[in-house]
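Asks: Dumping the structure here so I can ask a few things about it.
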Amino acid sequence: MADGEGDPGVFTATALPGDPRLLPTVTNAFLGTRAFRDILHAAGVYSGAAGDTHRADVPSPLGLRLAAPGARSAAENFTLDTWTGTFSHTIQCPGYTATHQLYAHHSLVHLMAFSITIRRLNSSTHPVTVQLQSLFVPQSQDLDLTPGPDFQGAHYIHGQTLVPEVEGGPRPAVHMLWTPIPQSLTLGGEERERCWEFLTAVAGSEEEAKRSYSVGLALAAAGALLRSHVRAWAALRRGCSVELDGPPALRQALHGCLYYLLSAVPPRDCPGAPFHGISPGGLSNGTRGEDYWGHVFWDQDTWMFPNILLLHPAAARAVLQYRLRTLEGARRNARDQGYEGAKFPWESAATGREVCPEEIYGAQEIHVSGDVLVAFEQYYCTTQDQKLFREDGGWELVEAVAQYWCSRMEWSEEEQLYHIRGVMPPDEYHSQVDNSAYTNAVAQRSLNFAADLARDLLLPVPEEWEDRARKIKVPFDEERKYHPEYDGYSPGEPVKQADVVLLGFPLMHPMSAEVRRNDLEMYEPVTDPAGPAMSWSMFAMGWLELKELQRARSQLEKCFSNITEPFKVWVENSDGSGAVNFLTGMGGFLQVVLFGFTGFRITRSGLLFDPAFPDDVTRLNFSSVSYLGNKLEVTITREEMRMEVTETSWDPPASPLEAVLESGQRFPLREGMA
1 MADGEGDPGV
11 FTATALPGDP
21 RLLPTVTNAF
31 LGTRAFRDIL
41 HAAGVYSGAA
51 GDTHRADVPS
61 PLGLRLAAPG
71 ARSAAENFTL
81 DTWTGTFSHT
91 IQCPGYTATH
101 QLYAHHSLVH
111 LMAFSITIRR
121 LNSSTHPVTV
131 QLQSLFVPQS
141 QDLDLTPGPD
151 FQGAHYIHGQ
161 TLVPEVEGGP
171 RPAVHMLWTP
181 IPQSLTLGGE
191 ERERCWEFLT
201 AVAGSEEEAK
211 RSYSVGLALA
221 AAGALLRSHV
231 RAWAALRRGC
241 SVELDGPPAL
251 RQALHGCLYY
261 LLSAVPPRDC
271 PGAPFHGISP
281 GGLSNGTRGE
291 DYWGHVFWDQ
301 DTWMFPNILL
311 LHPAAARAVL
321 QYRLRTLEGA
331 RRNARDQGYE
341 GAKFPWESAA
351 TGREVCPEEI
361 YGAQEIHVSG
371 DVLVAFEQYY
381 CTTQDQKLFR
391 EDGGWELVEA
401 VAQYWCSRME
411 WSEEEQLYHI
421 RGVMPPDEYH
431 SQVDNSAYTN
441 AVAQRSLNFA
451 ADLARDLLLP
461 VPEEWEDRAR
471 KIKVPFDEER
481 KYHPEYDGYS
491 PGEPVKQADV
501 VLLGFPLMHP
511 MSAEVRRNDL
521 EMYEPVTDPA
531 GPAMSWSMFA
541 MGWLELKELQ
551 RARSQLEKCF
561 SNITEPFKVW
571 VENSDGSGAV
581 NFLTGMGGFL
591 QVVLFGFTGF
601 RITRSGLLFD
611 PAFPDDVTRL
621 NFSSVSYLGN
631 KLEVTITREE
641 MRMEVTETSW
651 DPPASPLEAV
661 LESGQRFPLR
671 EGMA
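Position 569 (the sequence shown) corresponds to 569 in the UniProt record's numbering; numbering is contiguous.
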């Protein structure tokens with residue numbers, strides 16, 4: 001970890017990375033772009049059929065470059081401020097500064113904006129002119145766009161995507177309004193400072209685009225547009241605050257991950273708008289041929305979701321509602337493969353139908369359905385939100401996935417166990433294997449959760465769910481005391497990424513400390529060092545569980561080769577290949593901090609904790625851990641762990657909490673008491 005100085009949440013550079021993919025992203029729940037890019041994306045707006053489905057490129061007026069013509073000895077700097085959710089480019093010239101500031105409005109999710117500010121540094125009265133260099137053309141390879149009449153001074157285009165995801169399906173509409181952008185701006189001779197604001201509104205309807213633009217325009221006229229965004233973003237950051245005392249690089253990585261992941265979730269005051277899921281590269285990426293084309297994978301449910309749940313359960317609910325909205329597509333996937341229930345796609349877009357361009361993954365990487373159910377189970381245990389399951393479709397989804405697993409299993413007379421054959425495990429170097437340890441363990445957990453939930457909802461529990469959960473094979477080598485990755489796995493075979501180690505966390509599959517250690521020892525040396533970034537976080541989690549702090553630290557250290565400078569954008573693979581702005585890797589890293597350093601484990605009986613820090617971390621503070629309707633401030637040092645209930649909900653009423661020590665001592669936790 002390289003040393004650094006200054007505010008760990010502000011990333012400043014005097015030059016941009018040579019690879020434009022590594023520029024910072026500016027995103028909210030509905031709109032996203034990359035700094036200086038001439039396209040943006042709108043959530044849920046895909047074009048192309050089936051395996052060709054990709055995020056539709058919307059032309060962006062936001063991707064301009066600021067220039068100071070004729071200025072000698074000008075100094076430039078570029079700043080991503082994770083506290084305000086803004087990216088800025090400043091040119092400092094003799095006598096004046098010019099700043100271009102860009103943001104995606106956090107609470108007005110259909111609005112993005114930028115400002116240009118020129119400020120004098122001396123008493124000169126000469127006019128100051130800056131140039132705005134733009135590549136914007138109101139056309140798209142993915143949208144049939146038509147100009148419409150100007151509205152409140154804004155230009156207007158509208159249209160639809162060219163090709164629906166499924167034959168006869170809808171083609172999402174796009175309506176965009178933007179403030180016309182001149183080629184230059186001039187600060188008059190008598191002016192000391194001036195700020196120009198430029199708005200872009202994008203929505204699925206003309207009415208929403210015009211409403212958002214009008215609201216933004218009114219805020220801008222009152223000088224409050226940026227302030228309203230910063231206030232909403234700061235409230236989110238405060239509510240999801242995680243701080244640690246430790247190496248500067250670790251603190252910077254933490255704030256970078258929080259910025260990029262929280263940018264992808266819906267705002268707290270926007271509950272009605274549908275959420276469209278989180279792809280590995282986020283909303284800013286995903287055009288045809290890049291970053292998995294903006295599809296949603298298990299990355300959302302397994303790698304990102306637990307962090308969102310602990311810090312922002314309302315946003316976690318929105319993530320689950322994306323899966324609920326795509327349940328019918330998942331049912332169709334199961335039918336198409338000859339199975340019952342619902343099979344969630346390996347790659348999902350708007351409908352829940354399989355959109356993976358390569359058939360083998362959609363056919364064989366079936367653990368994703370169990371991954372979805374683990375997220376629902378974690379949410380249920382953390383919130384006890386029965387409304388989601390009784391009234392909003394949650395039970396139907398859980399039941400359908402349980403039915404799928406039952407139909408996917410085959411009885412082995414020889415072993416007297418149920419098998420799942422012909423799958424690809426998370427380790428994608430192997431396919432068409434039988435009894436993937438991870439796949440079968442997540443299927444078992446799915447069935448156990450379905451049965452437990454049925455009992456809680458006073459519904460009958462199908463006998464086959466419990467029978468198959470008891471009798472499914474999870475490969476185990478009695479002699480070596482470890483879990484082979486699948487039937488026939490030979491120790492030493494290379495593995496692409498974290499696989500069997502996920503049995504310990506997040507699955508919490510029952511095993512002894514000896515077996516947990518053996519799994520880590522077996523797979524750590526054979527996991528591809530060039531594999532995806534999230535693997536090392538799960539090895540770190542395992543070593544933290546076993547209190548092997550130095551080994552945990554060495555695994556966490558590997559993550560830093562996937563973090564690029566200067567804006568802490570993650571790449572999927574350490575050689576720079578794969579997805580960029582790799583939220584999956586960031587999610588794994590955050591889990592090390594939120595669940596590894598704390599030892600938090602979400603179970604039916606409670607939120608367990610067992611802290612373990614690397615030597616160079618001395619303090620960890622969470623301002624707002626959410627559990628059963630309570631907000632907890634948690635502070636952990638080497639000497640003590642303090643928990644304080646800072647807020648309790650009344651509708652529905654929060655459950656009373658108590659801390660239970662290993663000794664059996666119980667301490668009630670009430671609001672205002674630590």
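We put the CB at the ideal spot given by N, CA and C, even for glycine.
Pairs of beta-carbons, one from the stretch 620 to 632 and one from the stretch 643 to 652, closer than 8 Å: are there three or more?
Replies: Output reads yes: the stretch 643 to 652 touches the stretch 620 to 632.
Asks: Might you give, ordered along the chain, the residues of its own chain that have their beta carbon closer than 8 Å to the beta carbon of T618, omitting 5 neighbours on each side?
Replies: These residues qualify, in order along the chain: D245, G246, T637 and R638.
Asks: Would you kindly work out how many angstroms separate the C-alpha atoms of Y404 and D427, rounded to a whole number?
Replies: Going by the C-alpha atoms only, they are around 22 Å apart.
Asks: CB F87 to CB L102, shorter than 7 Å?
Replies: Yes, these two residues count as a Cβ contact at 7 Å.
Asks: Going by beta carbon distance, what residues of the same chain come within less than 7 Å of G4, once the five residues before and after it are set aside?
Replies: Low per-residue confidence applies at G4: pLDDT is 47, beneath 50, and the placement is therefore not dependable, though the value from the model is reported in the following sentence. The residues are P248, A249 and Q252.
Asks: Of all the beta strand (DSSP E) runs that stay within the bounds of the stretch 440 to 471, which reach a length of 3 or more residues?
Replies: Listed in chain order, there is nothing to give.
Asks: I'd like to confirm the pairing. Which residues does DSSP put opposite E340 in its beta bridges?
Replies: Beta-bridge pairing links E340 to no other residue.
Asks: I believe A334 touches A342 by the beta-carbon criterion, under 8 Å. Please report the beta-carbon distance rounded to the nearest angstrom.
Replies: Their Cβ separation, rounded to whole angstroms, is 6 Å, which keeps A334 and A342 in contact under 8 Å.
Asks: Please identify the residue among P491, F567, M511 and V571 whose C-alpha is closest to the C-alpha of A530.
Replies: Of the candidates P491, F567, M511 and V571, the one whose C-alpha sits nearest the C-alpha of A530 is V571.
Asks: Could you pull out every residue in the same chain whose Cβ sits closer than 7 Å to the Cβ of E493, ignoring the five residues on either side in sequence?
Replies: If we look at E493 and ignore the five residues flanking it on each side, its Cβ neighbours are V526.
Asks: Check for me: the beta strand (DSSP E) holding H158 runs from which residue to which?
Replies: Here the beta strand (DSSP E) through H158 covers A154 to T161.
Asks: Return the CA-CA distance between M1 and P180, expressed in angstroms with no decimal places.
Replies: The predicted position of M1 is uncertain, since its pLDDT is 36 and thus under 50; no value can be drawn from it.
Asks: Restricting to Cα atoms, I'd like to know which of T382, A273, K547 and H155 is closest to A654.
Replies: Closest by alpha carbon: T382.
Asks: Whole angstroms is fine: what's the gap from R470's alpha carbon to F560's?
Replies: Whole-angstrom Cα-Cα distance: 41 Å.
Asks: For W570, which beta-bridge partners are listed by DSSP?
Replies: The partner list for W570 (beta bridge, DSSP) reads I563.
Asks: Does the stretch 597 to 616 come within contact of the stretch 547 to 554, defined as at least 3 CB pairs closer than 8 Å?
Replies: With a cut-off of 8 Å, the stretch 547 to 554 and the stretch 597 to 616 count as touching, because enough Cβ pairs lie within range.
Asks: Please classify P306 as buried or exposed, where buried requires at least 16 neighbouring CB atoms within 10 angstroms.
Replies: It counts as buried.
Asks: On the three-pair Cβ rule with 8 Å, is the stretch 154 to 173 touching the stretch 183 to 194?
Replies: Contact between the stretch 154 to 173 and the stretch 183 to 194 is absent, because fewer than three Cβ pairs lie under 8 Å.
Asks: Helix, strand or coil, according to DSSP, for M1 in the structure here?
Replies: Low per-residue confidence applies at M1: pLDDT is 36, beneath 50, and the placement is therefore not dependable, though the value from the model is reported in the following sentence. DSSP places M1 in coil when its eight states are reduced to three.
Asks: May I ask which residues mark the beginning and end of the alpha helix (DSSP H) holding residue 684?
Replies: Because the chain here runs from 1 to 674, residue 684 falls outside it and cannot be looked at.
Asks: Taking the C-alpha atoms as reference points, what is the distance between Q139 and G148?
Replies: Cα to Cα, the separation comes out at about 13 Å.
Asks: Compare the C-beta of R353 with all C-beta atoms of chain C and state if any pair is closer than 7 Å.
Replies: This model lacks chain C altogether; it includes just one protein chain.
Asks: Using only CA atoms, which one of M176, R642, P182 and H41 lies nearest to R55?
Replies: R55 has its Cα closest to that of H41, out of M176, R642, P182 and H41.
Asks: Below 8 Å CB to CB, which residues in the same chain sit around S241 once its five sequence neighbours on both sides are set aside?
Replies: Only N621, F622, S623 and S624 meet the Cβ criterion.
Asks: Comparing C-alpha positions only, which one of D456, G169, H100 and Y213 sits nearest to V45?
Replies: Checking every option, the nearest Cα to that of V45 belongs to G169.
Asks: Identify every run of the beta strand (DSSP E) within the stretch 220 to 291, keeping only runs that are complete inside it and at least 3 residues long; order them along the chain.
Replies: Taking only runs of at least 3 residues, the beta strand (DSSP E) segments lying wholly in the stretch 220 to 291 are 242 to 245.
Asks: Thinking residue 690 and F609 are a contact (beta carbons under 8 Å), I'd like their distance in whole angstroms, please.
Replies: As shown, the chain starts at 1 and ends at 674. That puts residue 690 outside it, with no answer to give.
Asks: Let's test the definition: count the other Cβ atoms within 10 Å of the Cβ of F582 and tell me whether it reaches 16, buried, or not, exposed.
Replies: Buried is the call here.
Asks: Counting along the chain, where does the alpha helix (DSSP H) carrying F589 start and finish?
Replies: Element bounds for F589: L583 to Q591.
Asks: What's the C-alpha gap between E662 and R171?
Replies: Cα-Cα distance, rounded: 57 Å.
Asks: Could you check the C-alpha separation between A273 and F198 for me, to the nearest Å?
Replies: Their Cα atoms are separated by approximately 25 Å.
Asks: In three-state DSSP terms, what is T117?
Replies: If DSSP states are grouped into helix, strand and coil, T117 belongs with the strands.
Asks: Less than 8 Å between the CB atoms is what I'm expecting for V423 and V433, so what's the real figure, rounded?
Replies: About 6 Å separates the two Cβ atoms, so the contact holds.
Asks: Given that a residue counts as buried once 16 or more other Cβ atoms are within 10 Å of its Cβ, and exposed if not, what is V265?
Replies: Buried, because 16 or more other Cβ atoms sit within 10 Å of the Cβ of V265.
Asks: By the three-class DSSP mapping on this structure, what secondary structure does W411 have?
Replies: Strand, per DSSP.
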